[in-house]
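Read the structure below first, then the notes.
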Amino acid sequence: MKSNIIITENFRRESKKLLKKYASLKGELIELEETLLENPKTGVLIKENIYKVRLAVKSKGKGKSGGLRVINYVIKVDINDEEEITIFLMSIYDKSIQENISDNRLKSLVNEVTDEFLDGSNQEEE
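In this text, residue positions in the sequence shown follow this note's numbering: the first is 335, and each later residue adds one.
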């Protein structure tokens, strides 16, 4: 089984602001990517195939509870009888600024992934 990570435009935009604010975040995002490749279902399942990962940011000094949240969407695709898991990093936000992410926002993010990356063929939701 092969796993890969795709960073959405929304995630890129949101993380750009946070990377400027927190010096240690780049390294922590690299560690998160490694963790997700090993275990795509890291975090708390908040909706079907959507996970919320608590991310501690050393330069923020708050630990996981006051850190950042990363929202990702995990799908399984069968290509030539080979299973592939794709993890879409959809959103990242500061817990101290935004408590949670709304259901409507989650739907919007999933729709963006579907429109931008998926054509609906050969995909199975995990």
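Glycine included, C-beta positions come from ideal geometry on N, C-alpha and C.
Identify which residue in the options has its Cα closest to the Cα of residue i.
{"i": "ILE380", "options": "GLY401, LEU366, VAL444", "result": "VAL444"}
{"i": "ASN344", "options": "ASN414, GLU372, ILE435, LEU423", "result": "LEU423"}
{"i": "VAL404", "options": "SER442, LYS429, GLY361", "result": "LYS429"}
{"i": "SER436", "options": "GLU417, ILE384, ASP415, ASN414", "result": "ILE384"}
{"i": "LYS396", "options": "TYR356, THR342, GLU382, LYS350", "result": "TYR356"}
{"i": "GLU441", "options": "ASN414, ASN406, GLU417", "result": "Note on identity: in this sequence residue 441 is Lys, with Glu being the wrong assignment. Selected option, being the one with the closest Cα: ASN406."}
{"i": "SER337", "options": "LYS350, ASN414, ASN373, LEU452", "result": "ASN373"}
What do you reckon, are the CB atoms on residue i and residue j nearer than 8 Å?
{"i": "VAL408", "j": "ILE426", "result": "no"}
{"i": "LYS402", "j": "VAL411", "result": "Checking the sequence, you will find Leu at residue 402 rather than Lys. In this structure, VAL411 does not lie closer than 8 Å to LEU402 by Cβ."}
{"i": "LEU359", "j": "LEU370", "result": "no"}
{"i": "ILE419", "j": "MET335", "result": "yes"}
{"i": "ARG388", "j": "LYS398", "result": "yes"}
{"i": "ILE340", "j": "GLU367", "result": "no"}
{"i": "LYS386", "j": "GLY377", "result": "yes"}
By a C-beta neighbour count over all protein chains shown, 10 Å radius and 16 as the cutoff for buried, is residue i buried or exposed?
{"i": "LYS394", "result": "buried"}
{"i": "GLU450", "result": "exposed"}
{"i": "ASN438", "result": "exposed"}
{"i": "GLU348", "result": "buried"}
{"i": "VAL447", "result": "buried"}
{"i": "GLU362", "result": "buried"}
{"i": "ASN434", "result": "exposed"}
Item to check | 4-residue-minimum alpha helix (DSSP H) runs that sit fully inside the segment 407-453, ordered along the chain | outcome: 437-451
Item to check | 4-residue-minimum alpha helix (DSSP H) runs that sit fully inside the segment 344-406, ordered along the chain | outcome: 359-372
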